[in-house]
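**Student:**
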DNA sequence: AAAGCTCTTGCACATATGTGCAAAACTTGC
DNA sequence: GCAAGTTTTGCACATATGTGCAAGAGCTTT
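Residue numbers (the UniProt record's numbering), protein chains in the order written: chain V, 1 to 322; chain W, 1 to 322.
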């Protein structure tokens, strides 16, 4: 009986965790108490941590909040979590660290029965890798923007991404199997009337937590949307002409946060910013200096309530606003 | 500047904790990143854990709740935390374990701006030793029952106990400097009208969390109240005659939870059970087989909402109720 | 400014912990 | 009921971590 085995493991892990973390037993002692080998105890404890049975949280007394975080609160009204990155680190390593911090912050913010909206993207993919497991009840996870493009349905990609996310949060998944950017706005309107799709859109509007990265400025090869066959050459020209600095869930915006008069948005599968702002908590994860203007625009648009950002980028944005 | 040093340490500990617990760095790596020696990092991390900067919590998914805990919920309507104790352990070691578990549960239940009522006793003394530090804001700690007796004012004892508790919770202390049991009920009435005392009594009534152990059956040398000069020989005879099985904050009760007609209660410094039951959460910590009937009585009196108990005692109580 | 004190640091060592590997236990499919 | 496949276990080793001690830094007192 597979389920039985699992629950035995869980109980043992729980017992081991108690003895180890609460009573400061050595693994050796736990081993003899549980009647298994020391290495099994080591593995049980790993399991307990990874599966979320044991949660380690770090409290920052507010005096310890960094200057930078305070200034984000004052200037933009967002709760910033600034991730320090030491010395010279590649952009990829910076992203990893930021994603790791974000994963824990997200886990702490998802409550039982939350409806969580998730915009796919490379940042979110990085976050997923670091999410610890939890045992929250009744969480629902909604995909915010489509991922199909000229070359692929994106199903593989989003299924993996959302699936990873959902597994860690033990959530139910609602996928949005449509193109990221439609060729014809009328197609979107038609699909949006399909009940199977409309149900997902309703859940988006009801989300109480929205988690997203930001597309960076045009031409950045690391943002999927600009390089993955989602946009034609004429589209890119149009975005440049309108002064677009980034996107959030496939919706494009300018440095001042406005979206009006950017035709591509009429073909986007992502939610309008009014829908986004309906969610009470909106966590943005963003890393890397190239995202400076994306972040400035998203802040101007009021998309963000909670920001996870690497320190250099945070400083850049503060400096740019002066 | 002492404050400055402390806050530097805190920031470093926080940074180290992030790198260690979030990013899985080795202490060696953290050391080179922070520019200190590896052993300092080890010490910083200890500090972070002890000071409550890092909190380790253990979640029990309810399927993992033990049979015993479920039966406590069904039979008595209390949330029991059963502490397993392996094989043969002395009563003192059992108490230590139970106290250690209780310390963590208590820490998790104290919220910012809580008013916490605390009944002194040997169980609480054991709990105090294991309380981790926290940085909660605006917690107030109220002594529920006096501790003076024929030989001592009890000030030393309660100051240490409450002080230890308060320090870990960064709470403000309200002591009740009166005898545990008055010789003359009129003295109590008079004192109770003193404004300095009345203020403490008001706080007791306003407590939202009440934490207490239980006095065990008469004659048990481990319960202070029966051996510390609090009660005369005639008092003890009276308690026995009335079928008293234990006390909570110096108030005595019978196996069925009743208190009516026990004259000593009129001279007790502790709160009436009606006052106790006013607190929405009432945590009882109790360990050791001799407390069986004390616990049964306290359960019958409805004093308990959350119970921390060692497994053998829990089983005894369940068996006795059948 | 020196002496005396306390608190912190790094070193070196003793333990404690993580992990690849082969054997064992257990599952599954026939 | 057996064989192939999968998972779990303990062993042995390599690392990682905790801690007593002596030296150093920082602060206080004279």
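All C-beta atoms, glycine included, are put in the ideal place defined by N, C-alpha and C.
Do you know how far the Cα of residue 176 of chain W is from the Cα of residue 184 of chain W?
**Tutor:** Looking up residue 184 of chain W in the second chain gives position 184. Looking up residue 176 of chain W in the second chain gives position 176. Cα to Cα, the separation comes out at about 18 Å.
**Student:** Starting from residue 275 of chain V, trace the alpha helix (DSSP H) both ways and give me its first and last residue.
**Tutor:** Locating residue 275 of chain V in the first chain gives position 275, counting from the first residue. Run containing residue 275 of chain V: 273-276, per the alpha helix (DSSP H) assignment.
**Student:** Is any beta-carbon of chain W found at less than 8 Å from that of residue 21 of chain V?
**Tutor:** Position 21 of the first chain holds residue 21 of chain V. Yes, because at least one Cβ of chain W sits closer than 8 Å to the Cβ of residue 21 of chain V.
**Student:** Three or more C-beta pairs closer than 8 Å, one from the stretch 14-23 of chain V and one from the stretch 43-57 of chain V: is that the case here?
**Tutor:** Because the criterion of three Cβ pairs below 8 Å is met, the stretch 14-23 of chain V and the stretch 43-57 of chain V touch.
**Student:** Counting along the chain, where does the alpha helix (DSSP H) carrying residue 44 of chain W start and finish?
**Tutor:** The sequence position of residue 44 of chain W within the second chain is 44, counting from 1. Unbroken alpha helix (DSSP H) run through residue 44 of chain W: 38-50.
**Student:** Assign residue 31 of chain V to one of two classes, buried (16 or more other C-beta atoms within 10 Å of its C-beta) or exposed (fewer than that).
**Tutor:** Taking the first chain and counting its residues from 1, the one referred to as residue 31 of chain V is at position 31. Buried, since its Cβ has 16 or more Cβ neighbours within 10 Å.
**Student:** Could you give the residue range of the alpha helix (DSSP H) that holds residue 352 of chain V?
**Tutor:** Because chain V here runs from 1 to 322, residue 352 of chain V falls outside it and cannot be looked at.
**Student:** Hey, residue 140 of chain W and residue 178 of chain W are a contact pair by Cβ (cut 8 Å); roughly how many whole angstroms apart?
**Tutor:** The count along the second chain starts at 1 and reaches residue 140 of chain W at position 140. The count along the second chain starts at 1 and reaches residue 178 of chain W at position 178. With a Cβ gap of about 19 Å, residue 140 of chain W and residue 178 of chain W do not count as contacting.
**Student:** Apply the 10 Å Cβ neighbour rule to residue 143 of chain V and answer buried if 16 or more other Cβ atoms are within range, or exposed otherwise.
**Tutor:** As a first step, residue 143 of chain V must be located in the first chain, where it is residue number 143. The residue in question, residue 143 of chain V, is buried, as its Cβ has 16 or more Cβ neighbours within 10 Å.
**Student:** Using CA coordinates, which residue listed in W/186, W/134, W/124 and W/43 is at the minimum distance from residue 161 of chain W?
**Tutor:** Counting from 1 along the second chain, the entry for residue 161 of chain W is found at position 161. Here the closest residue by C-alpha is W/124.
**Student:** With C-beta atoms as the reference, is residue 302 of chain W less than 8 Å away from residue 257 of chain W?
**Tutor:** Start at 1 with the first residue of the second chain, and residue 302 of chain W comes out as number 302. Start at 1 with the first residue of the second chain, and residue 257 of chain W comes out as number 257. A contact, by the Cβ cut-off of 8 Å.
**Student:** In angstroms with no decimal places, state the Cα-to-Cα distance between residue 318 of chain V and residue 106 of chain W.
**Tutor:** Taking the first residue of the first chain as position 1, residue 318 of chain V is located at position 318. Taking the first residue of the second chain as position 1, residue 106 of chain W is located at position 106. Approximately 41 Å, taken between the alpha carbons.
**Student:** Strictly below 8 Å CB to CB, what residues from chain W border residue 100 of chain V?
**Tutor:** Walking along the first chain from the start, residue 100 of chain V turns up at place 100. The answer, in chain order, is 22 and 23.
**Student:** Does any residue of chain W have a CB that is nearer than 8 Å to the CB of residue 89 of chain V?
**Tutor:** As a first step, residue 89 of chain V is located in the first chain; it is residue number 89 there, counting from the start. So no, residue 89 of chain V is outside the interface.
**Student:** Quick check on residue 238 of chain V: does DSSP put it in helix, strand or coil?
**Tutor:** Here residue 238 of chain V is taken as the residue at index 238 of the first chain, counted from 1. Reduced to three states, the DSSP call for residue 238 of chain V is helix.
**Student:** Per DSSP, residue 25 of chain V forms a beta bridge with which residues?
**Tutor:** For the purposes of this step, residue 25 of chain V is taken as the residue at position 25 of the first chain. Paired residue(s): none; residue 25 of chain V is not in a bridge.
**Student:** Apart from the five residues on each side of it in sequence, which residues of its chain come closer than 7 Å, Cβ to Cβ, to residue 16 of chain V?
**Tutor:** Here the question's residue 16 of chain V lines up with position 16 in the first chain. Cβ neighbours of residue 16 of chain V beyond the five flanking positions: 30, 34, 41, 44, 45 and 48.
**Student:** Here's a check: name, in chain order, each residue in its chain whose Cβ is nearer than 7 Å to the Cβ of residue 2 of chain W, leaving out the five neighbours to either side.
**Tutor:** Here the question's residue 2 of chain W lines up with position 2 in the second chain. Any reading at residue 2 of chain W must be qualified, since the residue scores a pLDDT of 38, below 50, and its modelled position is unreliable; no value is offered.
**Student:** I'd like to know whether the C-beta of residue 167 of chain W is nearer than 8 Å to at least one C-beta of chain V.
**Tutor:** Position 167 of the second chain, counted from the first residue, corresponds to residue 167 of chain W. With 8 Å as the cut-off, residue 167 of chain W does not count as an interface residue toward chain V.
**Student:** Cutting at 8 Å between CB atoms, please list the residues of its own chain near residue 281 of chain W, excluding the five before and the five after it.
**Tutor:** Locating residue 281 of chain W in the second chain gives position 281, counting from the first residue. Cβ neighbours of residue 281 of chain W beyond the five flanking positions: 109, 208, 209, 210, 305 and 306.
**Student:** Residues of chain W with CB closer than 7 Å to the CB of residue 53 of chain V, please, in chain order.
**Tutor:** Here the question's residue 53 of chain V lines up with position 53 in the first chain. Per Cβ cutoff of 7 Å: 58 and 59.
**Student:** Quick one: does residue 81 of chain V have its CB under 8 Å from some CB of chain W?
**Tutor:** Your numbering for residue 81 of chain V matches position 81 in the first chain. Closer than 8 Å: no.
**Student:** Rounded to whole angstroms, what is the Cα-Cα separation between residue 111 of chain V and residue 136 of chain V?
**Tutor:** Here residue 111 of chain V refers to the residue found at position 111 of the first chain. Here residue 136 of chain V refers to the residue found at position 136 of the first chain. Answer to the nearest angstrom: the Cα atoms are 7 Å apart.
**Student:** Would you list the residues sitting across from residue 246 of chain V in a DSSP beta bridge?
**Tutor:** As a first step, residue 246 of chain V must be located in the first chain, where it is residue number 246. Answer is V/253.
**Student:** Give the DSSP-derived three-state secondary structure of residue 2 of chain V in the structure shown.
**Tutor:** Position 2 of the first chain, counting from 1, holds the residue named residue 2 of chain V. The predicted model places residue 2 of chain V with a pLDDT of 39, which falls under 50 and marks its position as unreliable, so this point remains unresolved.
**Student:** Mapping the DSSP letters down to three states, classify residue 55 of chain W as helix, strand or coil.
**Tutor:** Position 55 of the second chain holds residue 55 of chain W. In the structure shown, residue 55 of chain W sits in a strand (DSSP, three-state: E or B).
**Student:** For residue 282 of chain W, does the three-state DSSP call read helix, strand or coil?
**Tutor:** Counted from its first residue, the second chain places residue 282 of chain W at position 282. Residue state, collapsed to three classes: strand.
**Student:** Helix, strand or coil: which one does DSSP assign to residue 161 of chain V?
**Tutor:** Position 161 of the first chain, counted from the first residue, corresponds to residue 161 of chain V. Note: residue 161 of chain V maps to helix in three-state DSSP.
**Student:** Whole angstroms are fine: how far does the CA of residue 289 of chain W sit from the CA of residue 90 of chain W?
**Tutor:** Along the second chain, read from residue 1 onward, the residue named residue 90 of chain W stands at position 90. Along the second chain, read from residue 1 onward, the residue named residue 289 of chain W stands at position 289. Each residue's alpha carbon lies about 11 Å from the other.
**Student:** Is the shortest distance between the beta-carbon of residue 97 of chain W and the beta-carbons of chain V less than 8 Å?
**Tutor:** The residue given as residue 97 of chain W occupies position 97 in the second chain. Cβ-Cβ to chain V under 8 Å: yes for residue 97 of chain W.
**Student:** Can you check the stretch 107-147 of chain W for any alpha helix (DSSP H) of at least 4 residues that lies completely inside it and give the ranges in chain order?
**Tutor:** Those alpha helix (DSSP H) runs which fall completely within the stretch 107-147 of chain W and span 4+ residues are 122-130.
**Student:** Any heavy atom of the ligand NAD within a distance shorter than 7 Å of the CB on residue 184 of chain V?
**Tutor:** Ligands are entirely absent from the displayed structure, and the ligand NAD is therefore not among its contents.
**Student:** By the DSSP assignment, the alpha helix (DSSP H) with residue 69 of chain V in it spans what residues?
**Tutor:** Looking up residue 69 of chain V in the first chain gives position 69. Its alpha helix (DSSP H) spans residues 67-76.
**Student:** By Cβ distance, which residues of its chain are closer than 6 Å to residue 130 of chain V, with the 5 residues on each side in sequence left out?
**Tutor:** The count along the first chain starts at 1 and reaches residue 130 of chain V at position 130. So the list reads 99, 100 and 103, once near-sequence residues are dropped.
**Student:** For residue 94 of chain W, which residues in the same chain have their Cβ closer than 7 Å to its Cβ, ignoring the five residues on either side in sequence?
**Tutor:** Looking up residue 94 of chain W in the second chain gives position 94. These residues qualify, in order along the chain: 85, 287, 288 and 310.
**Student:** In whole angstroms, what is the alpha-carbon distance linking residue 10 of chain W and residue 36 of chain W?
**Tutor:** As a first step, residue 10 of chain W must be located in the second chain, where it is residue number 10. As a first step, residue 36 of chain W must be located in the second chain, where it is residue number 36. So the alpha carbons of these two residues sit roughly 15 Å apart.
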